[in-house]
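Per this note's numbering, the very first residue in the sequence shown carries number -1; after that it's consecutive.
Every residue, glycine too, gets a C-beta built ideally from N, C-alpha and C.
From a predicted model like this one, the values you see are computed outputs, not experimental measurements.
Each remark here refers to the structure printed beneath this line.
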Amino acid sequence: MKKILTILGISLATLLVVCLVVNRNNLPFFGQEKSQIAGQSLDSKNGKSSNSNNGKLSDSKNSKNSKKDSKGGLNSAKSYSSIKAKATSKTVDIDNPEVVSSHGIFIDVDSNKIIAKRNEKDVICPASMTKILTLLVACENTSQSDMNKKITITKDMLDLVYAKGCSAVGFQEGEEVTVKDAMYGTILPSGADAALALATYVGGSPDKFVDMMNDKLKELGLSKTAHFTNCIGLYDDNHKCSMYDMSVIIRAAMQNTKCKKIMSTHTYTVSKTPQHPDGITISNWFLRRIEDKEMPGTVQCAKTGFVNESGSCAASYFVSKDKKHHYVCVTAGSTSSWRCIYDQVALYNTYATK
-1 MKKILTILGI SLATLLVVCL VVNRNNLPFF GQEKSQIAGQ SLDSKNGKSS
49 NSNNGKLSDS KNSKNSKKDS KGGLNSAKSY SSIKAKATSK TVDIDNPEVV
99 SSHGIFIDVD SNKIIAKRNE KDVICPASMT KILTLLVACE NTSQSDMNKK
149 ITITKDMLDL VYAKGCSAVG FQEGEEVTVK DAMYGTILPS GADAALALAT
199 YVGGSPDKFV DMMNDKLKEL GLSKTAHFTN CIGLYDDNHK CSMYDMSVII
249 RAAMQNTKCK KIMSTHTYTV SKTPQHPDGI TISNWFLRRI EDKEMPGTVQ
299 CAKTGFVNES GSCAASYFVS KDKKHHYVCV TAGSTSSWRC IYDQVALYNT
349 YATK
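Shown next, in the form of structure tokens:
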């Protein structure tokens, strides 16, 4: 009996030690839900559990394995073959003399077929069409709880914006803007100030965020031809993709609820701040300028771009009047922002179902 009691005593002592070790390492006891401890981190200064991120996302959100679905939830890697259109025997070259753009691709989203093309595999600088991927990566790595978090606009951000002559929302140094406002500001006026703030919030720095963008290109299966060096579309020899690549990027964005909503917004007013007591009203001028043009449907979402080396560019998503047909059009190399619009109008009138 003494031997049995001795063995039981040793076993209980061993179990107690195990429990203490488990608790010390912040691991769940048997029956304790993982959600009770998920998201907690130790403050290195005081040893207390903390959820604060000081305006930046936690490491778990920046992890390369932390991919999110279109609603913001985590999911496993998925195939993007359904958004990679194929050429067929019926695919034609764009020969409409009204279309000035030197590069273009027109895709029937429903059949996943390339309807028309012009130098669609040539690799060029995508200019501010880049910001479609900026928004997509940001949306996939944030949740609804992040939308009202604040980001401080810094001197370094503004110095880059104005030194390079980039488009901007008009935020000022020291101004605190919400993540939501930065998202809208990145797309509607193509604000480089907003995009840099968003990249800093999501990635910790613009450079680290660009790494996330290139990871996304790899996930989309585009890394052989597409590579980005910045989040705002500045020209660089290594900042490049094809019209085909951009068609995949915008189609991926259309699968994301937040992206699609933002890219379909015509006008938006950012939150009031001490620097802008009435907020700043911003517009997607491509959508506003093309909305009254005669076409067999509506351009619902769009993002433009311009650099000298690539001319005026645009990527857009179109829905027919009967809501049964959907198209994507990407063009580059037009002579002006207005000419780019008329190029896309001509393409939709030529190839979209009447």
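query, result
"So what's E174 in DSSP terms, helix, strand or just coil?", "strand"
"Given that a residue counts as buried once 16 or more other Cβ atoms are within 10 Å of its Cβ, and exposed if not, what is H264?", "exposed"
"Which term fits A161, buried or exposed, when burial requires 16 or more other beta carbons within 10 angstroms of its beta carbon?", "exposed"
"With 16 other CB atoms within 10 Å as the buried threshold, where does S87 fall?", "exposed"
"For A224, which residues in the same chain have their Cβ closer than 6 Å to its Cβ, ignoring the five residues on either side in sequence?", "L215, C239, D243"
"Please go through the segment 227 to 288 and give each complete beta strand (DSSP E) segment of 3 or more residues, from N-terminal end onward.", "265 to 267, 279 to 281"
"At which residue ranges does the segment 141 to 204 contain complete beta strand (DSSP E) runs of 3 or more residues, listed in the order of the chain?", "148 to 150, 174 to 176"
"Measuring alpha carbon to alpha carbon, tell me which residue in D91, S109, K115 is nearest V328.", "K115"
"So what's S335 in DSSP terms, helix, strand or just coil?", "helix"
"Return the first residue and the last residue of the alpha helix (DSSP H) that I112 is part of.", "Taken as a continuous stretch (DSSP letters only), I112 belongs to no alpha helix (DSSP H), being part of the beta strand (DSSP E) at 111 to 116."
"Classify V135 as helix, strand or coil using the three-state DSSP reduction.", "helix"
"Whole angstroms are fine: how far does the CA of A300 sit from the CA of K84?", "22 Å"
"For A250 versus K258, is the C-beta distance shorter than 8 Å?", "no"
"Hey, M210 and I103: beta-carbon distance below 8 Å or not?", "no"
"Select from L186, D93, A136 the residue whose C-alpha is nearest the C-alpha of N254.", "A136"
"Keeping to the same chain, check which residues put their C-beta closer than 7 Å to that of A344; ignore five residues upstream and five downstream.", "N94, E96, V97"
"Alpha carbons only, please: which of L134, K222, D213 is nearest the one belonging to Y182?", "L134"
"Starting from the C-beta of G172, find all residues in its chain whose C-beta is less than 7 Å away, skip the five residues before and the five after it, and write them out in chain order.", "T150, I151"
"Three Cβ pairs or more, each shorter than 8 Å: is that satisfied between the segment 193 to 205 and the segment 139 to 159?", "yes"
"Give the C-beta separation of V159 and D179 to the nearest angstrom, bearing in mind that I take them to be a contact with Cβ-Cβ under 8 Å.", "With 8 Å as the limit, V159 and D179 do not qualify as a contact, their Cβ atoms being about 16 Å apart."
"Mind checking N306: buried by the 16 CB within 10 Å criterion, or exposed?", "exposed"
"Hey, is the segment 311 to 322 in contact with the segment 283 to 298, meaning 3+ C-beta pairs nearer than 8 Å?", "yes"
"Under DSSP, the beta strand (DSSP E) around C299 begins and ends at which residues?", "295 to 305"
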